[in-house]
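Q: Right, I'll just put the structure down here and ask away after.
In the UniProt record's numbering, the protein residues as written are 1 to 171.
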């Protein structure tokens with residue numbers, strides 16, 4: 001369980017992947033430059049799970065790995081270190097991606113006419129699909145009528161505005 005006062009790096013790691021990520025993130029904060037074996041030992045997780053988490057966090061630029069030669073074993077190992085300064089950048093990138101997807105969806109809603117039969121269990125249909133089906137519902141075969149999508153448009157626009165406002169406050 002993550003509390004609201006926990007380090008932002010740990011909170012983000014937990015949001016990304018759950019309990020395993022939480023354990024690995026906490027271990028990384030406690031032991032700077034830890035190997036995957038040391039992390040596995042301190043967390044009780046299997047080594048392959050620890051490596052999966054580490055590679056994912058590394059791919060998201062939230063940690064770095066330094067390759068060093070293990071003097072006892074004679075082979076190369078990675079020593080992992082957090083990049084806590086990258087947490088804010090990661091969050092901003094995620095917000096931008098979400099904003100772009102919502103904007104694409106809003107553009108689609110604005111550019112399309114949708115038709116619906118009135119039955120809640122049936123999907124709404126684009127004009128092209130309604131025309132192909134001769135304005136009969138593909139599920140129940142009732143007649144399709146033009147359906148206003150103002151609620152959807154307003155909901156997407158509201159979410160976009162919230163994200164943009166939030167992004168402006170952080171800069």
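Every residue gets a Cβ at the ideal spot worked out from N, C-alpha and C, and that includes glycine.
Output needed for residue 133: all residues of its chain with C-beta closer than 8 Å, excluding positions within five of it in sequence on either side, in chain order.
A: In the chain shown, the residue the question calls residue 133 occupies position 133. So the list reads 125, 144, once near-sequence residues are dropped.
Q: With distance defined between alpha-carbon atoms, name the residue in 102, 31, 76 nearest to residue 156.
A: Your numbering for residue 156 matches position 156 in the chain shown. Minimum Cα distance to residue 156 is reached at 102.
Q: So what does DSSP say about residue 171, is it helix, strand or coil?
A: The residue given as residue 171 occupies position 171 in the chain shown. With a pLDDT of 49 at residue 171, under the threshold of 50, the modelled position of this residue cannot be trusted; read the value that follows with caution. Residue 171: coil per DSSP, three-state reduction.
Q: Around the C-beta of residue 27, are 16 or more other C-beta atoms found within 10 angstroms, so that it is buried, or is it exposed?
A: Position 27 of the chain shown, counted from the first residue, corresponds to residue 27. Burial call: buried.
Q: Quick check on this structure: which residue in 30, 63, 53 has the alpha carbon closest to the alpha carbon of residue 42?
A: Indexing the chain shown from 1 puts residue 42 at position 42. The option with the nearest alpha carbon to residue 42 is 30.
Q: Using the Cα positions of residue 89 and residue 39, report the straight-line distance between them to the nearest angstrom.
A: The residue you call residue 89 lines up with position 89 of the chain shown. The residue you call residue 39 lines up with position 39 of the chain shown. One C-alpha to the other measures close to 25 Å.
Q: Using 8 Å for Cβ pairs, my map puts residue 147 next to residue 115. What's the rounded Cβ distance?
A: Within the chain shown, numbered from 1, the residue matching residue 147 stands at position 147. Within the chain shown, numbered from 1, the residue matching residue 115 stands at position 115. Sure, about 6 Å apart at Cβ, within 8 Å.
Q: Enumerate in chain order the residues of its own chain whose CB-to-CB distance from residue 57 is below 6 Å, with the five nearest sequence positions on each side excluded.
A: Sequence index remark: in the chain shown, residue 57 carries index 57 (1-based). 63.
Q: Quick test of your reading: residue 127 and residue 113, contact by CB under 8 Å. State the CB separation rounded to the nearest angstrom.
A: On the chain shown, position 127 is the one that residue 127 refers to. On the chain shown, position 113 is the one that residue 113 refers to. Correct: roughly 5 Å between the Cβ atoms.
Q: Classify residue 97: buried if its beta carbon has 16 or more other beta carbons within 10 angstroms, exposed otherwise.
A: Translated into the one-based positions of the chain shown, residue 97 becomes position 97. It is exposed - the Cβ of residue 97 has fewer than 16 other Cβ atoms within 10 Å.
Q: Less than 6 Å between C-beta atoms, sequence neighbours within five positions excluded: which residues of the same chain meet that for residue 61?
A: What you label residue 61 is simply residue 61 of the chain shown in a count that begins at 1. Counting only Cβ-Cβ distances below 6 Å, and skipping sequence neighbours, we find 86.
Q: Within its chain, find whatever has a CB closer than 7 Å to the CB of residue 20; leave out the 5 residues flanking it on each side and keep chain order.
A: On the chain shown, residue 20 is found 20 positions in, with the first residue counted as 1. Closer than 7 Å at Cβ, skipping near neighbours: 45, 49, 53.
Q: Only counting runs of 4 or more residues, tell me where the alpha helix (DSSP H) segments fall wholly within the UniProt domain "HTH TFE/IIEalpha-type" (5-88), in order along the chain.
A: Runs of the alpha helix (DSSP H) inside the UniProt domain "HTH TFE/IIEalpha-type" (5-88): 8-17, 19-30, 36-43, 47-59.
Q: Could you confirm whether any beta carbon from chain B is found closer than 8 Å to the beta carbon of residue 32?
A: Protein chain content of the structure displayed is limited to a single chain, and chain B is not contained in it.
Q: Using the beta-carbon count (16 or more within 10 Å), is residue 75 buried or exposed?
A: Here residue 75 corresponds to residue number 75 of the chain shown, with the count starting at 1. Answer is exposed; the Cβ neighbour count stays below 16.
Q: What does the alpha-carbon distance come out to for the pair residue 36 and residue 111?
A: Against the chain shown, residue 36 aligns to sequence position 36. Against the chain shown, residue 111 aligns to sequence position 111. When rounded, the distance between both Cα atoms is 50 Å.
Q: Whole-angstrom Cβ separation of residue 33 and residue 81, contact assumed at under 8 Å?
A: Counted from its first residue, the chain shown places residue 33 at position 33. Counted from its first residue, the chain shown places residue 81 at position 81. 6 Å between Cβ atoms; contact.
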